[in-house]
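Residue numbers (the UniProt record's numbering): 356 to 607. All C-beta atoms in this analysis are idealised placements derived from N, C-alpha and C, irrespective of residue type, glycine included. Only a predicted model underlies this, so the values are computations on that prediction, with no experimental measurement involved.
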Amino acid sequence: FIEKQLQQAIKEPEQFGLLYQPQFNARGDCIGAEALVRWNGQNLSPEEFIPVAEDTGLMLELGHQILSRACHDLKQLQDESATGHVKRISVNVSALQFNQRNFISELTSIISNAEANSHLIGIEITESALVKNTDEAIKKIAALSEMGIRVSIDDFGTGYSSLAYLNRLPVNALKIDQTFVKGIAKDANNLAIVETIMALGHSIGLSVMAEGVENDADLQCLKRLGCELYQGFYFGKPMPLAMAKHSLLPNY
Ligand code: G
Ligand code: G
Ligand code: MN
Ligand code: NA
């Protein structure tokens with residue numbers, strides 16, 4: 356049922372929109388935002404419709420639309436910025452899309468069509484995108500780095516987490532999955548997990564972002580552990596570009 360509606364929606368313009376959730380460093384400065392897709396007028400979360408899109412072959416088209424929208428939004432911010440500088444916009448890329456042979460060339464043309472500055476883009480991919488063909492993934496991540504695009508591993512800790520391959524991947528950051536972060540101040544198990552992930556990330560030169568920071572107690576706990584990047588409802592919920600804009604332009 357969702358499949359039929361998705362198939363229709365993907366053919367029509369403006370059916371999908373992006374919200375932006377700001378991201379912060381330990382000093383509390385906004386350093387960028389994550390783009391999150393929403394199906395307009397439909398009470399379905401991406402958690403529900405992304406898997407359907409992936410199972411039905413619609414994800415490539417949807418993923419293309421998401422990247423394209425994010426790049427056009429970035430270009431709009433670039434034009435509004437006196438210096439052309441804007442804080443980084445990070446986009447989730449599905450494993451299916453990332454593993455397409457032509458992913459890099461597709462992304463390159465989306466960026467150039469939008470006249471977006473690739474140095475202001477980030478890509479978030481899950482571990483599952485990287486384990487299947489690690490050699491290919493390494494080449495793609497290296498190509499993204501060449502373009503100035505930062506790559507983060509999303510939902511870190513929920514996937515395969517093979518240390519052998521992690522060390523080979525030229526990624527920039529780990530995003531600790533929110534299931535480990537939420538309530539960390541009151542949960543010794545999660546505290547131990549987050550501490551371990553941070554030690555692992557830092558030992559191979561990656562920055563680590565905590566997702567799902569919902570209160571000050573958890574934030575203070577993460578700060579004590581040496582976490583450098585933060586995202587969560589405590590800082591800001593996903594919001595329309597017009598609202599996120601002020602945080603994304605420099606000197607705000
Ligand atoms: O935004 P929300 O927390 O409801 O997202 C739920 C899930 O959907 C998260 O796992 C998130 O990574 C995923 N998601 C949200 N937006 C996108 C998107 O634009 N592309 C992909 N591939 N996944 C997304
Ligand atoms: O898997 P991914 O990291 O892309 O998921 C991002 C999703 O997590 C977003 O859709 C956002 O709505 C949700 N999210 C972000 N911050 C928080 C938070 O502090 N608490 C909860 N419950 N969800 C959050
Ligand atoms: Mn994400
Ligand atoms: Na995540």
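Comparing alpha-carbon positions, which option in the options lies nearest residue i?
i, options, result
"Ser562", "Asn472, Phe356 and Arg505", "Arg505"
"Leu374", "Ala437, Ala408, Gln452 and Ile444", "Ile444"
"Asp434", "Glu470, Leu417 and Phe453", "Glu470"
"Leu399", "Gln360, Cys426 and Glu369", "Gln360"
"Glu482", "Lys495, Glu461, Thr463 and Leu521", "Leu521"
"Glu369", "Ile357, Ala492, Gln420 and Phe356", "Gln420"
"Ala497", "Leu518, Val526, Ile508 and Leu475", "Val526"
"Ser507", "Asp384, Cys582, Asp428 and Asn447", "Asn447"
"Leu518", "Leu475, Val486, Ala565 and Ile539", "Val486"
"Asn488", "Ser473, Leu462 and Leu451", "Leu451"
"Leu580", "Glu403, Ile552 and Ala597", "Ile552"
"Phe458", "Ala492, Phe371, Asn472 and Leu432", "Ala492"
"Arg393", "Ile559, Gly387 and Ile405", "Ile405"
"Gln455", "Ile559, Glu416 and Lys366", "Glu416"
"Asn472", "Phe453, Lys495 and Ala425", "Ala425"
Indicate whether residue i and residue j have their beta-carbon atoms separated by less than 9 Å.
i, j, result
"Asp573", "Lys530", "no"
"Ile466", "Met414", "no"
"Glu389", "Ser449", "no"
"Gln511", "Asp490", "Correcting the residue type first, residue 511 is Phe in the shown sequence and not Gln. Their beta carbons are not under 9 Å apart, which means Phe511 does not touch Asp490 by this criterion."
"Pro605", "Lys430", "no"
"Pro377", "Gly591", "yes"
"Leu546", "Cys582", "no"
"Phe379", "Tyr585", "yes"
"Leu462", "Leu499", "yes"
"Lys600", "Ala381", "no"
"His440", "Leu475", "yes"
"Asn570", "Ala540", "yes"
"Leu596", "Asp428", "yes"
"Ser436", "Asn468", "no"
"Glu550", "Asp509", "no"
"Phe371", "Asn395", "yes"
"Gln362", "Thr411", "yes"
"Gly477", "Gly418", "no"
"Leu555", "Leu432", "no"
"Phe453", "Ala484", "yes"
So what does residue i bridge to, in DSSP terms?
i, result
"Asp509", "Thr481"
"Arg382", "Per DSSP, none; premise fails for Arg382."
"Arg393", "Gly372"
"Ala388", "Pro377 and Ile444"
"Val563", "Leu529"
"Met502", "Answer is none; Met502 lacks a bridge partner."
"Met594", "Tyr375"
"Ile476", "Ile444"
Under DSSP, the alpha helix (DSSP H) around residue i begins and ends at which residues?
i, result
"Asn544", "Ala543 to Ser558"
"Val407", "Pro401 to Asp410"
"Arg424", "Met414 to Glu435"
"Cys582", "Taken as a continuous stretch (DSSP letters only), Cys582 belongs to no alpha helix (DSSP H), as it is neither H nor E."
"Lys537", "Run containing Lys537: none; DSSP gives neither H nor E here."
"Thr463", "Phe458 to Ala469"
"Tyr520", "Leu518 to Leu521"
"Phe356", "Looking at the DSSP string, Phe356 is not in any alpha helix (DSSP H), and its letter there is neither H nor E."
"Phe453", "Ala450 to Phe453"
Would you please verify whether the beta carbon of residue i is less than 9 Å from any beta carbon of chain C?
i, result
"Ser500", "Protein chains in the displayed structure number just one, and chain C is not present."
Following a CB-centred definition, is residue i positioned closer than 8 Å to any heavy atom of ligand 6?
i, result
"Glu550", "Among the ligands modelled here, namely ligand 1, ligand 2, ligand 3 and ligand 4, ligand 6 does not occur."
> Near ligand 3, which residues have their beta-carbon less than 6 Å from any of its heavy atoms, given in chain order?
Replying inline: With the cut-off at 6 Å, the residues found are Glu389, Asn447, Glu479 and Asp509.
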